[in-house]
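In the working numbering, the protein residues as written are 5 to 344.
Backbone N, C-alpha and C define an ideal beta-carbon position, used for all residues, glycine too.
It should be emphasised that the depicted structure is a prediction, and the values quoted were computed from it without experimental measurement.
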């Protein structure tokens, strides 16, 4: 082979190698790993859902977009700073409970108010029934990845059965934060907002007479089945929304292909996966109660539920009126849309 021919071959091979390296470099540059922060422990089923979400997105993008889940507060302890972490980009995605940021999520938090919702899945569908244009004011600083509801709170008691609203008069009821308190007060009870970590001792020592919480609290890590003798099911309202939000710049930085894959498995589809986890968990909690042979499940009658709903109307109207005074003029439209 002549010198000129060898040089031509060498130049050709070099061009191919450079092109391949350039292509690989482009792929590596576009590959992205999103950080998802959650205060939930690694064993929580919602954490497992997020880990599966990462696998689904990775598979759909051939590894071009992945999610790393930081569970147990490893990107920052506690649930109260989750919104800030997403806004500031400490995390690309933050797993949140909206009640910890209630003033930001005025419309999402309306699912807490007495209304038509029953199961976690039903409440979740109702959240997504509100038009995006109405819900948008809740998500001005972040992208809404998904929003779902945990099961409706039950009344878990050691020695005070609740079969009608009259049974709540003067009773001290632990509520998980302030959102439930006006509703519980409208029923004649005395709400005691409290951290979840304190409720076991509060019920066992009589600081409170009962707790208003999702029935999944009967199971570990809360173990309320050890104390409960009565569980009242079917109150009006007291759903609790949770979900995930995303830093706006993190989302904007995704390529069109990455966004398409991401959008396909988030939003309402992801929310319904989460609500089903909780609906199944609720049924497991009820099964545990029934099999204990010492816990009575009390299903409120439609008449009792309506009585609770009617009693809470002034409290609901005050919530809506207060938000209207704060300039959220379409707050009632969101409440109506949720309860059609």
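Nearest C-alpha to residue 114 among 153, 74, 223 and 298: 153. In terms of CA proximity to residue 277, 129 leads the group 79, 129 and 43.
If you ignore the 5 residues before and after residue 300, its C-beta comes within less than 8 Å of the C-beta of 165, 233, 234 and 235, all in its own chain and listed in chain order. Residue 240 sits away from residue 123, with the two beta carbons spaced by 9 Å or more. As a beta-bridge residue in DSSP terms, residue 250 pairs with 97 and 147. Between the alpha carbons of residue 288 and residue 331 lies a distance of about 43 Å. In the structure shown, the three-state DSSP call for residue 235 is strand. By the CB criterion at 9 Å, residue 249 and residue 143 fall inside the cutoff. DSSP places residue 161 inside the beta strand (DSSP E), whose first and last residues are 158–161. Collapsing the DSSP output to three states places residue 259 in coil. Relative to the Cα of residue 138, the nearest Cα in the group 344, 317 and 339 belongs to 339.
Annotation: residue 108 is outside any alpha helix (DSSP H) and is labelled neither H nor E by DSSP. Here the alpha carbons of residue 88 and residue 246 stand approximately 16 Å from one another. Under the three-state reduction of DSSP output, residue 208 falls in the helix class. Assignment of beta-bridge partners to residue 301 by DSSP yields 235. Excluding its 5 nearest sequence neighbours in each direction, residue 168 has C-beta neighbours in its own chain below 6 Å: 308, listed in chain order. Residue pairing from DSSP places residue 73 in a beta bridge opposite 40.
Between the alpha carbons of residue 35 and residue 262 lies a distance of about 9 Å. By the neighbour-count definition (other C-beta atoms within 10 Å, threshold 16), residue 201 is an exposed residue. Here residue 216 carries a strand assignment [DSSP, helix/strand/coil].
Counting only residues of its own chain and dropping the five nearest sequence neighbours on each side, residue 149 has a CB closer than 8 Å to the CB of 97, 247, 248, 249, 250, 270, 271 and 274. Its chain contains 231 as the residues whose beta carbon lies nearer than 7 Å to that of residue 208, once the 5 sequence neighbours on both sides are disregarded; these appear in chain order.
With respect to residue 99, residue 50 sits close: the two C-beta atoms are nearer than 9 Å.
The closest CA to that of residue 223, considering only 184, 127 and 284, is found on 284. Ranked by Cα distance from residue 163, the options 187, 213 and 40 are led by 213. Counting along the chain, residue 49 sits inside the alpha helix (DSSP H) bounded by residues 49–64. With respect to residue 237, residue 304 sits close: the two C-beta atoms are nearer than 9 Å.
Under the three-state reduction of DSSP output, residue 244 falls in the strand class. Assigned with DSSP and collapsed to three states, residue 78 falls in coil, not helix or strand.
For residue 290, the CB contacts under 7 Å within the same chain, skipping 5 residues up- and downstream, are 219 and 301 in chain order.
Its chain contains 195 as the residues whose beta carbon lies nearer than 6 Å to that of residue 189, once the 5 sequence neighbours on both sides are disregarded; these appear in chain order.
Ranked by how close their Cα comes to the Cα of residue 103, the residues 92, 159 and 151 have 151 in first place.
When secondary structure is reduced to three states using DSSP, residue 153 falls in the strand class. Close CB contacts of residue 193 within its chain, under the 6 Å cut and outside five residues either way in sequence, are with 172, 175 and 177 (chain order).
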